[in-house]
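Below you'll find the structure, written out as structure tokens, and then a few comments.
In the UniProt record's numbering, the protein residues as written are 1 to 196.
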């Protein structure tokens with residue numbers, strides 16, 4: 001794609017987009033969440049490995065399972081959010097590589113190196129979490145990513161019958177803009193970047 005996005009799109013994705021902790025009492029339709037996944041899945045990953053796995057927690061029962069694993073500062077905003085996405089990674093992601101990467105035997109790259117498989121799964125599921133945030137914003141949703149939780153409790157509550165492992169949580173919905181704080185500072189280019 002060689003055409004830069006216009007300023008309205010950049011505002012929606014970055015410039016005016018904010019991390020939300022307070023939510024309007026407005027549900028997110030399952031069709032929107034399915035569209036969100038479809039967009040997220042289009043983001044690039046190493047050898048198209050796509051190790052991210054997503055649990056869209058929307059029910060009171062699901063929220064009740066999630067609550068004991070949350071740090072105290074994340075409980076209220078997560079219970080109020082219409083959706084909490086558990087972004088996980090599949091340690092056996094390479095089993096579907098013959099389908100996702102038919103150009104070569106990419107599966108063998110990972111079956112011969114458990115360390116590489118784990119690193120690849122975690123790194124690429126983290127990329128997919130970022131894609132999910134941008135896809136959510138592109139669909140008019142607000143997002144609030146979080147890392148304050150007990151991974152063992154989430155894995156036990158949601159993944160006891162699979163080998164999936166939680167990476168990050170992302171609250172989704174329609175944020176209450178009236179309760180936003182001022183945007184926090186960011187590092188300048190010179191502070192965080194250099195040319196080589």
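Virtual Cβ for every residue (Gly too), placed ideally from N, Cα, C.
Can you tell me which of the options puts its alpha carbon nearest to the alpha carbon of residue i?
i: residue 106; options: 134, 47 and 25; result: 47
i: residue 70; options: 112, 190, 187 and 151; result: 151
i: residue 98; options: 123, 109 and 38; result: 109
i: residue 220; options: 116, 14 and 21; result: Residue numbering for the chain in the displayed model covers 1 to 196; residue 220 lies beyond these limits and cannot be assessed.
i: residue 136; options: 125, 35 and 53; result: 35
i: residue 50; options: 14, 94 and 160; result: 94
i: residue 168; options: 59, 27 and 66; result: 66
Identify the residues that DSSP records as bridge partners of residue i: which are they?
i: residue 145; result: 170
i: residue 62; result: Note: residue 62 sits in no beta bridge, so no partner.
i: residue 28; result: According to DSSP, which records beta bridges pairwise, residue 28 is partnered with nothing at all.
Could you tell me the alpha carbon to alpha carbon distance between residue i and residue j, rounded to whole angstroms?
i: residue 155; j: residue 12; result: 33 Å
i: residue 32; j: residue 42; result: 16 Å
i: residue 127; j: residue 120; result: 11 Å
i: residue 197; j: residue 161; result: Residue coverage of the chain in this structure runs from 1 to 196, which leaves residue 197 outside it and unanswerable.
i: residue 8; j: residue 148; result: 32 Å
Heavy atom of the ligand FAD less than 7 Å from the Cβ of residue i, yes or no?
i: residue 142; result: In the structure on display, the ligand FAD does not appear, and there are no ligands present to speak of.
For a test of the three-state rule: what should DSSP assign to residue i, helix, strand or coil?
i: residue 23; result: strand
Is there a Cβ of chain B sitting closer than 8 Å to that of residue i, yes or no?
i: residue 176; result: The question asks about chain B, but that chain is absent: this structure has only one protein chain.
Contact check, residue i vs residue j under 8 Å by CB: the rounded distance?
i: residue 55; j: residue 122; result: With 8 Å as the limit, residue 55 and residue 122 do not qualify as a contact, their Cβ atoms being about 17 Å apart.
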